[in-house]
Amino acid sequence: MPPPPPVLMEELIEEILLRLPPADPVSLTSTRFCRRFREFHRSPSMLGFLCNNYGNRRKHRGPYVSRFVPTSSFHAPACAAHHEWRAFDARHGRILFRYRNMRTLGPIDLFVWDPMTDKRWHLPEKNLLCCGWNVAVLCARTGACDHLDCCSGPFIVRMAPGASRPMLLGPWGPFANRVDVEPTALAGNTLYFQIDYGKRILGYDLATRETSVVQLPPKHEDSSTALITVDDGGLGVARLDKTAKLSLWSMEASTNGDMGWTKFRVIELDKLLSVDPHSIRYNFVGFAHGVGAFIVGTGDWLLSFHLTSGQVRKVCVAETQEEECNDRGICGVIP
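So for the sequence shown, our numbering puts the first residue at 1; every next one is plus one.
Here's what the structure looks like:
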């Protein structure tokens with residue numbers, strides 16, 4: 001009988017495990033090893049996204065239903081549909097929700113949720129109106145943070161209130177009549193909000209606390225807008241119109257130093273996704289920052305595609321309009 005093979009050194013086993021596909025992390029449990037795994041795979045995988053739906057008032061209590069839709073083997077501990085919740089933002093391992101009990105018409109409650117531990121932090125009541133404002137959640141660690149393992153640390157929430165609520169404006173000032181309820185973008189040290197129905201953006205410098213307003217590229221009436229980050233970490237914009245074309249812009253400096261928008265790509269989604277262009281829904285488009293993946297809806301599916309590789313995946317299907325992930329009832333996605 002041949003002798004048994006030599007036992008692999010622990011260091012070699014870790015080197016082998018490091019090369020497991022990052023989209024299937026279910027078997028990786030060691031805290032120290034998980035950090036090495038994230039450092040090795042610097043570009044994160046999209047494990048899932050949050051889907052905001054218009055609720056069926058006869059079936060559910062509130063106007064919104066929010067649920068986690070996995071795109072990998074990962075499942076959050078509490079990923080079922082949450083009635084009367086609406087996801088506003090997700091970043092650095094945390095998700096920011098709004099909640100309102102529609103049976104009692106109580107006040108709007110904002111809270112931050114850690115989906116890994118199911119822990120919640122409720123924010124101070126602000127007497128918020130039902131619309132016209134937006135919020136974002138970010139890591140608040142001092143100094144440089146690689147955001148590989150900061151979900152249990154401190155965080156901050158930044159609000160962009162509309163001009164209809166002057167008592168909440170504070171240092172922001174009355175920049176807009178409306179702040180859009182669309183996902184924010186963090187480019188460098190500046191947090192960006194869409195305002196005025198996707199025609200402009202409001203920038204907030206996290207270090208200096210200074211604000212700025214930037215005009216976005218011309219917008220068709222029948223289109224949706226997503227703020228994106230481009231390869232160099234700068235700010236970009238994606239526009240999806242009713243002809244199923246996804247146009248991408250990046251903010252670049254001209255020869256005289258002025259910042260402006262440059263269109264760098266137009267994607268014909270019907271050809272990329274191999275679907276009827278009329279089936280593509282143009283009322284929303286989602287973008288996963290750090291991953292470079294978009295999420296769009298068709299008549300029957302939610303699909304994701306990677307901007308660089310062009311890889312397309314069907315991530316959610318709904319057979320009837322009553323299904324909570326049917327894109328005919330979707331009001332937005334938060335990757």
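Virtual Cβ for every residue (Gly too), placed ideally from N, Cα, C. Note that the structure is a prediction, hence the values are computed from the model and not measured.
- Classified as exposed, residue 12 has fewer than 16 neighbouring CB atoms from the shown chains inside 10 Å of its CB.
- Secondary structure note for residue 271: it is in no beta strand (DSSP E), and the uninterrupted alpha helix (DSSP H) holding it is 269 to 273.
- Boundaries of the beta strand (DSSP E) harbouring residue 139: 133 to 139, taken from the DSSP string.
- The beta-carbon separation of residue 245 and residue 266, rounded to 6 Å, stays under the 8 Å limit for a contact.
- Residue burial annotation: residue 51 is buried, with at least 16 other C-beta atoms found within 10 angstroms of its C-beta.
- By alpha-carbon distance to residue 250, the top candidate from 187, 66 and 160 is 187.
- Secondary structure note for residue 198: it is in no beta strand (DSSP E), with a DSSP letter that is neither H nor E.
- Residue 97 is positioned such that its CB atom lies closer than 8 Å to that of residue 111.
- Proximity to residue 309 across 297, 292, 303 and 300 peaks at 292, based on C-alpha coordinates.
- For residue 279, the secondary structure class from DSSP, reduced to helix, strand or coil, is helix.
- With a cutoff of 8 Å on beta-carbon distance, residue 137 and residue 94 are scored as near each other.
- Distance from the CA atom of residue 154 to the CA atom of residue 121, rounded to whole angstroms, is 11 Å.
- Excluding its 5 nearest sequence neighbours in each direction, residue 276 has C-beta neighbours in its own chain below 7 Å: 270, listed in chain order.
- Contact between the region 295 to 302 and the region 228 to 239 is absent: fewer than 3 CB-CB pairs across the two stretches fall below 8 Å.
- Residue pairing for residue 88: DSSP places it in no beta bridge.
- CA-to-CA, the gap between residue 247 and residue 289 works out to about 17 Å.
- Under the three-state reduction of DSSP output, residue 182 falls in the coil class, being neither helix nor strand.
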